[in-house]
Each structure stands twice: as C-alpha cells, then as structure tokens.
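**Student:** First residue of the sequence shown? That's 26 in the numbering used here, and the numbers climb one at a time after it.
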Amino acid sequence: MRKMEYIKVIICGLATGLFNGLFGAGGGIVLVPSLVLLLGVEEHDAHATAISVILPLTLISAFIYYTKGIANWDITLRVALGGMLGGYIGAKVMNRLSANLLRKIFSIFMVAAAIRMMV
Numbered sequence: 026m027r028k029m030e031y032i033k034v035i036i037c038g039l040a041t042g043l044f045n046g047l048f049g050a051g052g053g054i055v056l057v058p059s060l061v062l063l064l065g066v067e068e069h070d071a072h073a074t075a076i077s078v079i080l081p082l083t084l085i086s087a088f089i090y091y092t093k094g095i096a097n098w099d100i101t102l103r104v105a106l107g108g109m110l111g112g113y114i115g116a117k118v119m120n121r122l123s124a125n126l127l128r129k130i131f132s133i134f135m136v137a138a139a140i141r142m143m144v
C-alpha cells in the first residue's frame, strides 16, 4: 500500500470511528462511500469491510455508553437479537445483488434517512 493510500485509510477509519461514537452510525454512512470513492474498493467489498469494522468500533462506544449509564440495555438486547437475524439475511441477499443495484439501494436509504432526520 502506498503512503497516500495508507493515509486515506487511516483518515477513513478516524472519520468512521468519530461518527460511530457521536451518532451510532459510521460504518455505512461514512466508510462505504469513502472506500468506494477514495480508495476504489468494489461495492460489495466496501459494504463487507464496513460491517467488519463496525464490531470493534461499536464495542468501544458501547463500553463508554455503559460506563456513563446512557444506554437502555433491555431494548439493546432485544434489538440485537433481531439485528443478528437481519444481518445474516442481509449478508446473504447482498451477495445476490449487482454492485449497481446495491449502490442504488444504499443511496436511497441514505437519502431517506437524511430527509427523515431533517423533518
């Protein structure tokens, strides 16, 4: 990996971790577009990489939230159970989608989330 690519990867990781800590999101919203646009990573690989990166980021953020007493663990555990099933199904479905369709679906969800947050 060239020095400039290495720096881009570190910056992508820093931004992803920052957004994850602040907003509870970062893997998809920040990392996927960064990997695709800045580093030329293939769409499926970018999504898989983002999901793989989320675990350590989330563990650190969750630990801090836990120590501060600002997470509702009853809801967290229930959502996590559904999330694990959804993650399994989503990973299986992603492998069947073309890169173009995956990009369009991801874009629609990002725009819908942005609109929902502003309204």
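Cβ coordinates follow ideal geometry from the N, Cα and C atoms, glycine included. Keep in mind the model is a prediction, meaning the values are calculated, not measured.
Which residue comes first and which comes last in the alpha helix (DSSP H) that contains residue 45?
**Tutor:** Indexing the sequence shown from 1 puts residue 45 at position 20. Segment 28-48, the alpha helix (DSSP H) holding residue 45.
**Student:** Let me confirm a value: residue 45 is counted as buried when at least 16 other C-beta atoms fall within 10 Å, else exposed. Which label applies?
**Tutor:** Taking the sequence shown and counting its residues from 1, the one referred to as residue 45 is at position 20. Burial call: buried.
**Student:** Looking only at its own chain, which residues have a Cβ that is under 7 angstroms from the Cβ of residue 33, when we skip the five neighbours before and after it?
**Tutor:** Locating residue 33 in the sequence shown gives position 8, where the first residue counts as 1. Closer than 7 angstroms at the Cβ level, and outside the excluded window around residue 33, lie 63 and 64.
**Student:** Return the CA-CA distance between residue 143 and residue 93, expressed in angstroms with no decimal places.
**Tutor:** Here residue 143 refers to the residue found at position 118 when the sequence shown is read from its first residue. Here residue 93 refers to the residue found at position 68 when the sequence shown is read from its first residue. Looking at the two C-alpha atoms, the distance is approximately 28 angstroms.
**Student:** Look at residue 87 and residue 41 and say whether their C-beta atoms are less than 9 angstroms apart.
**Tutor:** Here residue 87 is taken as the residue at index 62 of the sequence shown, counted from 1. Here residue 41 is taken as the residue at index 16 of the sequence shown, counted from 1. It is not a contact, given that the beta carbons lie outside the stated cut-off.
**Student:** Can you check which of these residues, 135, 55 and 129, is closest to residue 35 by C-alpha distance?
**Tutor:** Locating residue 35 in the sequence shown gives position 10, counting from the first residue. Checked all of 135, 55 and 129; the closest Cα to residue 35 is 55.
**Student:** Between residue 101 and residue 114, what straight-line distance do the alpha-carbon atoms span, to the nearest angstrom?
**Tutor:** The residue you call residue 101 lines up with position 76 of the sequence shown. The residue you call residue 114 lines up with position 89 of the sequence shown. Going from the Cα of residue 101 to the Cα of residue 114 covers about 20 angstroms.
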